[in-house]
Structures are given as C-alpha cells and as structure tokens.
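Engineer:
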Amino acid sequence: MTDRHTRDDSTAPLTRGHKKRARTRQGLLDAALRVFARQDVAATALQDLAVEAEVSTGTIYNYFRTREELAEAVGIELAGEFSETISELSRHIDSGSKRLAIGVRMFVLRAQSDPQWASALLRVIHFDQAMHSTLASHVRDDLRGGLAEGVFHYANEDIALDLVISCATGAIRATLEGRTHDEQDILLAEMVLRALGATPARARKIAALPLPQDG
1 MTDRHTRDDS
11 TAPLTRGHKK
21 RARTRQGLLD
31 AALRVFARQD
41 VAATALQDLA
51 VEAEVSTGTI
61 YNYFRTREEL
71 AEAVGIELAG
81 EFSETISELS
91 RHIDSGSKRL
101 AIGVRMFVLR
111 AQSDPQWASA
121 LLRVIHFDQA
131 MHSTLASHVR
141 DDLRGGLAEG
151 VFHYANEDIA
161 LDLVISCATG
171 AIRATLEGRT
181 HDEQDILLAE
191 MVLRALGATP
201 ARARKIAALP
211 LPQDG
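Here the sequence shown is numbered in the UniProt record's numbering, starting from 1 and rising by one per residue.
1. Return the first residue and the last residue of the alpha helix (DSSP H) that D182 is part of.
2. E77: which of L211, L135, R99 and I102 sits nearest, CA to CA?
3. Evaluate contact between the stretch 179-186 and the stretch 138-145, counting only Cβ atoms and requiring at least three cross-stretch pairs below 8 Å.
4. Measuring alpha carbon to alpha carbon, tell me which of A168, L33, T15 and I165 ends up nearest E72.
5. So, at 6 Å on beta carbons, what are the nonlocal neighbours of A189 in its own chain, with the 5 sequence-adjacent residues on each side left out?
6. With distance defined between alpha-carbon atoms, name the residue in D48, V51, A111 and F64 nearest to R21.
7. Going by CA-CA distance only, name the one from G170, I86, E88 and A42 that's closest to residue 236.
8. Are three or more beta carbon pairs between the stretch 144-152 and the stretch 77-97 nearer than 8 Å?
9. Using the Cβ count rule (16 or more neighbours within 10 Å means buried), how would you classify A123?
10. Answer with buried or exposed for V51, where buried requires no fewer than 16 other C-beta atoms within 10 angstroms of its C-beta.
11. Look at the Cβ atom of Q112, then the Cβ atom of T175, and state whether they are nearer than 8 Å.
12. Select from A168, T169 and L163 the residue whose C-alpha is nearest the C-alpha of G197.
13. Does the beta-carbon distance from A53 to L28 come in below 8 Å?
14. My output table needs one value for Q112: the three-state DSSP class, helix, strand or coil.
15. For P200, report the span of its alpha helix (DSSP H) as first-last.
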C-alpha cells in the first residue's frame, strides 16, 4: 500500500504537467490553423505563429522546431481527427463504396460549414506529404473494399486514390470560391463512384443514402 501511494504521489505533478503541455500545444495548433487559413504555409514563419498565439518565439520552439514540423502536426489535426470521426461514424458499415461516399460527402459538408478549416486544409495538403498520406490510408481501404464487393472497377489503385482526393479537394476549393450547388456533396459522391466503375444507378443510390449520425 505504501508503494502504491508513493507512485501516485510521484506521478501526480507529472500528469498535471502533461495536461498543461497538451493544452499549450493545442492552443498553438489552433493558432496555426488560423494562420494557415489566411496565408500559404511556405510563407509562414514560426514568428507568425507566436504573434497569433500571443506567446514568445521560444515557447514555439519548445513544441515545434521547424515550419515543416508544425505543418505536419496541423495536417494530422485537420485530416486525421476528422477522418477518424468519419471512420467511427461508419464503423457499422461493411461496404467500402458506401464508406467512401460518406467520407467524400462529409468532407464537402464540413468545408461548407467551416471555411477556416477548409482553407487551412487546402494549404496544408499541398505542403505536407504526411497529411496526404493520412487521408490516403483511409481512402485506400475503402477503395479496396469497393473493389472486393464488385462495385468498383478500376485499373490502378494509385490513380483511383488520386482521383478521390483530387475531387474532394476540388469541391472544397469550389466551396471557398462560392461555387456551391444544391446537394453538391451528393452529386460529387455520385460522380466519384461512377468514375471508379460503379453503374450510374448504383452510384446514385449509394451517394443519396442518409449519412450516419453520431450516437
């Protein structure tokens, strides 16, 4: 019992320190997202982040040593977290083609509801390969699922992967430029599915399915 209490006492300050560090890091990522929504990653210095976050440059270097390291962290925050949210909502859906349609639609709808997120995502995805890889890992699984179930028919997986990501980011850019349409998310998902080899009728049916809801 004494040993257990000793361990608890010794780890309590460390736990509080970790929580404080996590809050500071998250604050820096939030500030970086705002900066990247306004200007290109390549044009951003760590000093810009310090100004936005209202901290010293030294504080920035405690968490991120380079602009590239910062961009990678923001990319994972932008794409990774949202992709995981989509995956969690789709966890009971066995169909790869349906999961892919859900992902495309939810990215478009998120861009429409959160322009700052969308703008930062577009700037970071063209700068940071890790972010592209994070998105690709989720899309690739759904492509393979759709191929296995006989809905998709494509000759090259890498080209199919680029097609999906390019279409989704293109739609996000169109949203930021004010070029939106009624049911844009459904129309895009339908066109992507058809481009991947789904029949017109099947693509239309899958794209129009209700989106899964949290809980």
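Backbone N, C-alpha and C define an ideal beta-carbon position, used for all residues, glycine too.
These figures come from a predicted structure and were not determined experimentally.
Structural biologist: Answer, in terms of the structure:
1. Taking the sequence shown and counting its residues from 1, one reaches residue 182 at position 182. Counting along the chain, D182 falls outside any alpha helix (DSSP H), and DSSP gives it neither H nor E.
2. Numbered from its first residue, the sequence shown carries residue 77 at position 77. The candidate whose alpha carbon is nearest that of E77 is L135.
3. no
4. Here the question's residue 72 lines up with position 72 in the sequence shown. Nearest option by C-alpha distance: L33.
5. Here residue 189 refers to the residue found at position 189 when the sequence shown is read from its first residue. Once the five neighbours on either side are set aside, the close Cβ partners of A189 are A101, V104, R105 and A207.
6. Looking up residue 21 in the sequence shown gives position 21. Comparing Cα-Cα distances from R21 to each of D48, V51, A111 and F64, the minimum goes to F64.
7. Missing from the structure shown is residue 236; the chain here goes from 1 to 215 and no further.
8. yes
9. In the sequence shown, counting from the first residue as 1, residue 123 sits at position 123. Sequence check: residue 123 is Arg here, not Ala. With 16 or more other Cβ atoms within 10 Å, it is buried.
10. As a working mapping, residue 51 is identified with position 51 in the sequence shown. It is exposed - the Cβ of V51 has fewer than 16 other Cβ atoms within 10 Å.
11. Reading the sequence shown from its first residue, position 112 is the one you call residue 112. Reading the sequence shown from its first residue, position 175 is the one you call residue 175. Yes, these two residues count as a Cβ contact at 8 Å.
12. Along the sequence shown, one-based indexing puts residue 197 at 197. Considering only alpha carbons, the answer is L163.
13. Position 53 of the sequence shown holds residue 53. Position 28 of the sequence shown holds residue 28. Closer than 8 Å, so yes.
14. For the purposes of this step, residue 112 is taken as residue 112 along the sequence shown, with counting starting at 1. Three-state result, Q112: helix.
15. Along the sequence shown, read from residue 1 onward, the residue named residue 200 stands at position 200. First-last of the alpha helix (DSSP H) with P200: P200 to A207.
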